[in-house]
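Visitor: Can you keep this structure in mind? I'll have questions shortly.
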Amino acid sequence: MSDFPFLVAMIAVPAVGAAAVAALPRGRELLAKQLALGVSLVVLVLAALAAVAFDTGGDRFQLTTSVAWIPDFGVDFALGVDGIALVMLLLVGLLVPLVIGASWEDGAPGAGTVPEAGTEARSMRFFFAWLLLLEAFMVGVFAATDIFLFYVFFEAMLVPMYFLIGSFGGPRRQYAAVKFFLYSLVGGLIMLAAVIGLYVVSTSELGEGTFAFDALRQLDIDPGVQKLLFLGFFVAFAIKAPLVPLHTWLPDSAAEAPIGGAVLLVGILDKVGTFGFLRYCLPLFPDASRFFAPMVLVLAVVGVLYAALLAMGQSDMKRLVAYTSISHFGFIALGIFAFTTEAATGAVLYMVNHGIATGLLFLVVGMLIARGGSRQIGDYGGVAAQAPKLAAVFLIAGLASLALPGTNSFVSEFLVLIGSFPERPVYAIVATAGIVLAALYILLMYQRTMHGPARGVVAPPAGDGPASGPAGTVDEPGGGGATAVLTAPARAAVRFTDLSRREIAVVAPLVVLILVLGVHPQPLLDIIEPAVTATLSDLGATR
Amino acid sequence: MTLTYYLVLAAILFTIGAVGVLVRRNAIVVFMCIELMLNSVNLTLVTFARATGTVDGQIMAFFVMVVAAAEVVVGLAIIMSIYRTRRSASVDDANLLKY
Amino acid sequence: METLSAEVPLPAEGLLGWSWLLIALPLAGAAVLLLGGRRTDRWGHLLGTATVAGAFLLAVLCTVQLADVEGRSVDVDLFTFISTGELDVRAGLLYDPLSAVFVLLITGVGSLIHVYSIGYMAHDPARRRFFAYLNLFVAAMLLLVLGNSFVALYVGWEGVGLASYLLIAFWYTRPAAATAAKKAFIMNRVGDVGLALAIFVMFAQLGTTSYAGVFGSVGTLAGGTLTAIGLLLLLGACGKSGQFPLQAWLPDAMEGPTPVSALIHAATMVTAGVYLIARSAPIYDETPTARTVVLAVGAVTLLIGAIAGCAFDDIKKVLAYSTVSQIGYMFLAVGLGPAGYVAGLAHLLTHGFFKAGLFLGAGSVMHAMDDSVDMRRFGGLWKKLPVTFATFGLGYLALIGFPFLSGFYTKDAIIEAALDRDDVWGWVLGGVAVLGAGLTAFYMTRLMLMTFFGRARWEPGVHPHESPSVMTVPMVVLSLGSIGAGFLLVKAFPLSDWLEPVFGEHEAEHVVAPLTVGLVVTAVMLVGVLAAWLFVGRREVPDTAPVRVSPVTRAARNALYADTINESLVMRPGQWLTRALVWVDNRGVDGAVNGLAAGLGGSSSRLGRTQTGFVRTYALSMLGGAVLVAGALLAVTSG
Amino acid sequence: MIEAPDLSLAALAPLLFVFGAACIGVLVEAFAPRDVRHPVQVAVALVGTGGGFVSTLVYAATQDLSAGGEITAAGALAVDKAGLFLQATVAGLATLAMLLFAERGLDPARSAFVAAAAVPAGSPRDRELATATRVQTEVYPLALFAVGGMMVFVTANDLLIMFVALEVLSLPLYLISGLARRRRLLSQEAAVKYFLLGAFASAFFLYGLALVYGATGTIRLGEIREAVGEDGGGTLVVLGLALLVVGLLFKASVAPFHSWTPDVYQGAPTPVTAFMAACTKVAAFGAILRLLYVAFGTEEWTWRPLIYGVAIVSMIVGAVLGLTQTDLKRMLAYSSIAHAGFLLTGVLGLGADGEGSGLAATMFYLLTYGLTTLGAFAVLTLVRDGDGEASHLSQWAGLAARSPLTAAVMGLFLLALAGIPLTAGFTGKFAVFRAAIEEGAWPLVLVAVLASAVAAFFYLRVIVLMYFSPPAADGPTVGVPGIPTTVVLAVTAAATLALGILPGAVLDLAERAAIFVG
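Line by line, the protein sequences give chains A, B, C and D.
Letter by letter, the first sequence follows residues 1 to 543 in UniProt numbering.
Letter by letter, the second sequence follows residues 1 to 99 in UniProt numbering.
Letter by letter, the third sequence follows residues 1 to 639 in UniProt numbering.
Letter by letter, the fourth sequence follows residues 1 to 518 in UniProt numbering.
So, in structure tokens, the structure goes:
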């Protein structure tokens, strides 16, 4: 079974699916959704089968495929996964169907989730087509074992996400989309220069240029050159990840992106940055990595605290979640650049867990916004009384985000900190303080939106207190006449219905995973650890 | 080395032509300045031909003259057409396309 | 001195091998109730109570079996939790006398409080959710005390924090409850940082986090490291147990339903700090510095709690500060080291009984008084609430250390142990403890007088009535504990014998004869009672608190300004910092990016103006370019 | 007895095709009846350019080019591998451009070109003709001459031929720039500017030629190299090289010799702009490559700093100035300036004596850029309002809602111009950057990537407008393209994708063609 080209299939299936969905005739939105969901489920199954076929004790890269692609550049279409890539693929496979499920009602009349819905360019067909194309590229970026190929997917990923944000995003989507694209592109292009530089180095060392990761990591590069190349890669990944101070695109993009886009953006796209640190920066440039590690660690730790404090200062829920992610990426970077097996394993696990936890947080925030029509925390209050299930899922997502033991994130955060402490105690101590701030930003948001008496858009519109929600942020359901007939509690009930069956189906897998991985993360650790060990041995790390 | 004088003269003519292009407004005059530049080159070519003792330079000068003649044809046609539209041959008046 | 807990415990056999069910039962209960939704409304409370009662039965059986095990310590290995690199954390339980004591306390008192809650929460539409959270709490608390490693403890530690959060915020539509819950969680988290760091240090130094591993190699650690671990653990303990300087959350936590206050914020969770220090005895034994800090924390908190307790009119707040103060005693005890562990734990147990009883009594009073907690609107309730009065009174007597009731034995033991240090510190600590006893007697007497005696100052429309038996029976049972537990644990079946495998043998060498101590303490206690009678009992209690009061009273009413200090030292600067950073991020970091973009745009327009549209300008630029190019080339070649 | 010069008719066949067609076109113009003139001219033009393209390929496929190529026409032309590649590129792109010229379905007056260029713009007769369906067909022979000039330009083996070819390609272009049917004033202004500046630039080239001749006694590229290699570059040679390069950089619209580009691109009829942007760029860079490779290959360290500098200036000027453009044609002009800078990074990759991979990379980039920019201009011809093409940016708002396919194709070209992977633009950029880094020019590449990021902004802005903005109420209409334009769009879009996804074969071709003789 391991001969089956899983990785090729995982790229081809969604790519073909995207084309098929886009090619559907106008008006077949339901079919588009069903097709997209089906395709993404096929990818999930493929990912699961790939995980089964993967032998944790086997070669570093498995399920490999390699076809000469551009012989003149020495580029191969080479795919393969190590444990790190495999878990990321599983995450991709998991999140995309959920995102499709979560976006099922988007674009429906009155959903209020997509501005000016209905025009051809914003047709939900294209939303799902872009989503599937994005999935294909995401699989590619993690599965590539040829740096050129990696780069191609790395940049190509921008396009579908750009359209997802720009076409289906919030009021400032144009600004956000362009900012996202340009920020990433700057990083990507600098990396391109480094990729080429690496190729040139390989040409001079091996006689023939290559982009194959396995060949490149055996190069013995002059330390000065290493530093330059490291920086080239690092900038791209630090923007992607994002590390402070290259982070400001993320709150804008995540806030303006449609919820599905935001989940994938923060849940997976950004992981490419930290994945890149681990896969490319460390093994390819060991000397430079050691040289720059203290600086990266400073950025990481500053990011943990800085972004957490900023998260507290946000009034927009999506921005808040985006900032929490930046804080979490600080932890991941800390884990990677601590150069210990425990910390790096924890960092990889963190990447998965963060995708699950923050993905869930984004999804549930999106469900809240779909009901209230506002992203402002101040427009909500007392939701828990009207939508207890929503509140419960929100709490679970929040607790996972603040790394409460028993949730998946705890294991990863704990591993990162305990693993980095022996080597980098000061950084670990400072980062540990971040867990208090994490509790603060999550609970502040939770208290303001879920607890207390019904307020803002949650409250019945007639009279009742100072806050009836800023005008304009609330879509009035139905026409004026119909609204007037509804009694006040009925109105509130209309808006704040609890989670529907569909929504429960979307969040349930994530909730289950949060709890299961919180108690029994070992299967994932078993997959991750050999790859991390191999990476660190490329680095020549001591532990 | 008397040939140097020819070269210097040619260079001066070339410069005059170039400066003329910069300072004159009338398209025809500008064009004539360009012709002057071409002809200064012709002088240079002939001088070098003399210096190297071959006729290549002279032949090239003929080529240049032919090309210059073709250029005149095309140039005058263009200038005429815009002159007929605008009733002005000032190059500064053709200023719709900018920034 | 040698401790035995360093030895690797035996693997579990028989019933003890099933002791994981202790945690699983309430956890399953919580899961069923939370996932079951409204379908379980009708029988949810019964299931919740049954799981805890079942756990109690199992705990009794396990403990009986444990008594026969050699070394009285078994290890229940379950599965690999986290294993990577050099870190190997196994999920496992340690069933030894110390955890057994706690398990019995938690499940025992827990069962009673579950029963009580059936009545107390009968009219709350969300009773099922309440029981689910309570079950969750019991599960987490059991994990805390049963875990065989610091990581397992940490998991339970934060788990009880979550349960506490959920339960304090049970009536979440009240902003005060929501805020109190958040405050509790955050302040606990501050402590958790200490605990987490302690674990990191252990791993960094010893490569393990299991009790067996850590305690087995304590000797290899440098003194400074040990002290650091000790202090970090103490920080964790302070957070969880509401000790100075992290005490401010505990009184606010009274926003939760009263059974919660009884179970979590009196009997069990808040004593987790004591458990942690007692459990880490092998570490503290080696680090006198850390022990001294524990002592200081205990003594300071003891006084803060007692002083604040004197000034509040909210019956639950008074009890809460009393709890703070009593846990201060326990800290003081365990801070004494081998001399005090058993005394501290004994007080913990008796306190668990009488304080839980007091809270349940307070709940019963509130139940009668339409959920009012203002003692100034109570008075003369002894006639209306006879059972409550009787059980509450017994709890009161036990707490103030009335001779031969529970508190008398256990508190005296602590004071004795403090004096046994036989140095200046001993006298200071003993003095503080005795002073605390007097203050305790004062504020508790004040509470009794204002609640049960004097003129009825009830709000109009309040008709006090005794609670149903489902509530009074647990109160009665707990009051029995208030009476007899002290004697049983200190005299009849000494706790020190039971815990000997954990803490080893300790022969007390008394500096002051126990009898003398007993007499002095009793005398001070009587002075406190008398003072209360003079200040409160003799006079008419005004309906509202007097405004013109002494600075001392004002300070006490403000709980010695703990909240103010927190606010001005942490919250305000934090908010200011947050606002400043938001500004920096928007204007500075993002501003730089946007500024760069604007700058490019600006230079684009400015450069664009060179594109004038004039042919002659273009020609000039070309000529200039040509001259530049030629000049540069010449310079390059000649240079 | 004068010996007849050796002429390899096979090698000259492409040129003969094009020039022959041009001459026939002139005859057709003179003798064919008016109503059949257009189809005949189009057929002749297509046969000429297409025949040129095919015969180039046939020649390349059938001849033994193991020596790199042959020098023919008495040493005037070097029909070598690189020359053939460039000739084929020019001819191929020109064929597509001819199709754009031939489009009759879009403009209500059935042609993009003025009916009677001699009639003053704005006169009553002009207004009358503006709506008449009378078409004018001089553009075809003129364009064919230009194509012929370009094809000679890239194979010229001596400086004089290069000069003559420069003029042959330029003069018709000056003319056809002024032939727009709509906005004639702009068109004429463009022609004047282009002509005056072009003539000015060729004077520089010519003076450079004279100086090099004076210094080396020869104008044959190969002989120049020998002469220069012997006694190093004297002042005259260096000065001559500088002036020659200036003349060529002008044609390639490299800053600071770019100032004509935006004005001419904007003013000229869009098909002509497309033709210029694609073919002239190829021809000019072909000549630059040949000059620097063959004549001054040994003088690498002389011209290297020059190219380095102008590349940076060009990239920055193009990228930065493009940011604030509001006219799409003008924006693409600035984009063309920026791309000229990127191409120069490839030129830097030529390396000492052409050892680097720069030649292949630059040639490949020329092909991809030519296709993409041709396609982009072709899309521009589709979007129209009452006054011709709607090239103002604001008019493109919400285009995706009106015409998803048009927007998608334009989006593809824009992404390719921005150099996003899986498009031809990326492959080309990668190739030239690689060549430059191999020659150690990584700081230049760093500037280049930053410039492309800046440039990406204005490409993205168009996408933002097309896709993310609500359509303007009185927006432009999107014309239904006739067969010619459809073919152009299909070919360029397909090629843009194909060269991005599977560029191997063409890259390989460029790699194998990367040899100049002479």
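Even glycine gets a Cβ: it sits at the ideal position worked out from N, Cα and C.
This one's a predicted model, so the numbers in the text were calculated from it and none came from an experiment.
Just tell me which of D:Val517, D:Ile515, D:Asp508 has its CA closest to the CA of A:Tyr69.
Guide: Per the sequence shown, residue 69 of chain A should be read as Trp rather than Tyr. Measuring C-alpha to C-alpha distances from A:Trp69 to each of D:Val517, D:Ile515, D:Asp508 identifies D:Asp508 as the nearest.
Visitor: Output needed for D:Ala389: all residues of its chain with C-beta closer than 7 angstroms, excluding positions within five of it in sequence on either side, in chain order.
Guide: Per the sequence shown, the amino acid found at residue 389 of chain D is Glu instead of Ala. Within the same chain, D:Glu389 has close Cβ partners Thr270, Leu380, Thr381, Val383.
Visitor: With a threshold of 9 angstroms between beta carbons, is C:Thr637 in contact with chain D?
Guide: yes
Visitor: What are the boundary residues of the alpha helix (DSSP H) that A:Asp538 is part of?
Guide: 522-539
Visitor: For D:Ala117, which of helix, strand or coil comes out of DSSP?
Guide: coil
Visitor: So, does the CB of D:Asp387 fall closer than 9 angstroms to a CB anywhere in chain B?
Guide: no
Visitor: Suppose you measure from the CA of A:Val45 to the CA of A:Arg28; what does that come to, to the nearest Å?
Guide: 26 angstroms
Visitor: For D:Ala60, collect the residues of the same chain with a Cβ closer than 6 angstroms to its Cβ; drop the 5 residues on either side in sequence, then sort them by chain order.
Guide: So the qualifying residues of the chain are Leu84.
Visitor: Which residues in chain A sit within 8 angstroms of D:Leu422, going by Cβ to Cβ distance?
Guide: Those within 8 angstroms of D:Leu422 in chain A are Val152, Ala156.
Visitor: On the CB-based measure, 16 or more other CB atoms within 10 Å of its CB, does A:Gly140 come out buried or exposed?
Guide: buried
Visitor: Please return the same chain residues whose Cβ sits closer than 6 angstroms to the Cβ of A:Arg375, not counting the five positions on each side in sequence.
Guide: Within the same chain, Cβ atoms closer than 6 angstroms to the Cβ of A:Arg375 are found at Asp316, Met317, Lys318, Ile369, the five residues on either side in sequence being excluded.
Visitor: Which residues, taken in chain order from the segment 344-358 of chain D, show a beta carbon closer than 7 angstroms to some beta carbon of chain A?
Guide: Hits within the stretch: zero.
Visitor: Leaving out five residues before and five after A:Val474 in sequence, what residues of the same chain have Cβ atoms less than 6 angstroms from its Cβ?
Guide: Confidence is the limiting factor: at A:Val474 the pLDDT is only 38, short of 50, which leaves the residue's position unreliable, though a coordinate-based value still follows. Cβ neighbours of A:Val474 beyond the five flanking positions: Gly373, Val457.
Visitor: Hey, out of A:Phe213, A:Thr533, A:Leu91, A:Ile377, whose CA is closest to A:Ile336's CA?
Guide: With distances taken between Cα atoms, A:Ile336 lies closest to A:Thr533.
Visitor: Can you list, in chain order, the residues of its chain whose CB lies under 7 angstroms from that of D:Ser391, leaving out five sequence neighbours each side?
Guide: Asp327, Leu328, Lys329, Leu380
Visitor: In three-state terms, what does DSSP make of A:Gly465?
Guide: For A:Gly465, the predicted model reports a pLDDT of 41, less than 50, meaning its position is unreliable and no value from the coordinates is stated.
Visitor: Please list the partners that A:Ile190 has in chain D, where partner means a Cβ-to-Cβ separation under 9 angstroms.
Guide: Leu446, Val449, Leu450, Ala453
Visitor: Three Cβ pairs or more, each shorter than 8 angstroms: is that satisfied between the segment 30-40 of chain A and the segment 144-153 of chain A?
Guide: no
Visitor: Determine, for C:Lys182, whether the minimum Cβ-Cβ distance to residues of chain A falls below 9 angstroms.
Guide: yes
Visitor: For A:Ser409 versus A:Ser420, is the C-beta distance shorter than 9 angstroms?
Guide: no
Visitor: Based on the DSSP secondary-structure assignment, which residues constitute the bridge partners of D:Thr72?
Guide: DSSP output for D:Thr72 lists D:Leu77 as bridge partner(s).
Visitor: Below 9 angstroms between beta carbons: does that hold for D:Leu497 and D:Leu417?
Guide: no
Visitor: For a cutoff of 9 angstroms on Cβ pairs, would you count B:Ala94 as touching chain G?
Guide: Going by chain labels, chain G is absent from the structure shown, which instead holds the protein chains A, B, C and D.
Visitor: Given that a residue counts as buried once 16 or more other Cβ atoms are within 10 Å of its Cβ, and exposed if not, what is C:Leu569?
Guide: exposed
Visitor: How many whole angstroms separate the CB atoms of A:Leu158 and A:Leu185, which I take to be in contact at a CB cut-off of 8 angstroms?
Guide: 7 angstroms
Visitor: Considering Cα atoms alone, identify which of A:Phe285, A:Arg125, A:Ala322 is closest to A:Phe213.
Guide: A:Phe285
Visitor: Say whether the segment 250-269 of chain A touches the segment 90-105 of chain A, bearing in mind that this needs 3 or more beta-carbon pairs closer than 8 angstroms, one atom from each stretch.
Guide: The segment 250-269 of chain A is in contact with the segment 90-105 of chain A.
Visitor: For C:Val109, I'd like the list of residues in its chain whose CB is within less than 6 angstroms of its CB, leaving aside the five on either flank, ordered along the chain.
Guide: Ala267, Gly352, Ala356
Visitor: Would you report the Cα separation of C:Phe150 and C:Ala532, rounded to the nearest angstrom?
Guide: 45 angstroms
Visitor: How would you label A:Gln522, buried or exposed, when you count the other beta carbons within 10 angstroms and need 16 or more for buried?
Guide: buried
Visitor: For A:Leu189, collect the residues of the same chain with a Cβ closer than 7 angstroms to its Cβ; drop the 5 residues on either side in sequence, then sort them by chain order.
Guide: If we look at A:Leu189 and ignore the five residues flanking it on each side, it has no Cβ neighbours.
Visitor: Measuring CB to CB, does C:Pro494 end up less than 9 angstroms from C:Asp96?
Guide: no
Visitor: Along chain B, which residues have their Cβ under 8 angstroms away from the Cβ of D:Val164?
Guide: Phe63, Val67
Visitor: Could you confirm whether any beta carbon from chain C is found closer than 9 angstroms to the beta carbon of B:Arg25?
Guide: yes
Visitor: Is it the case that the Cβ atoms of C:Asp285 and C:Gly344 are separated by a distance below 9 angstroms?
Guide: no
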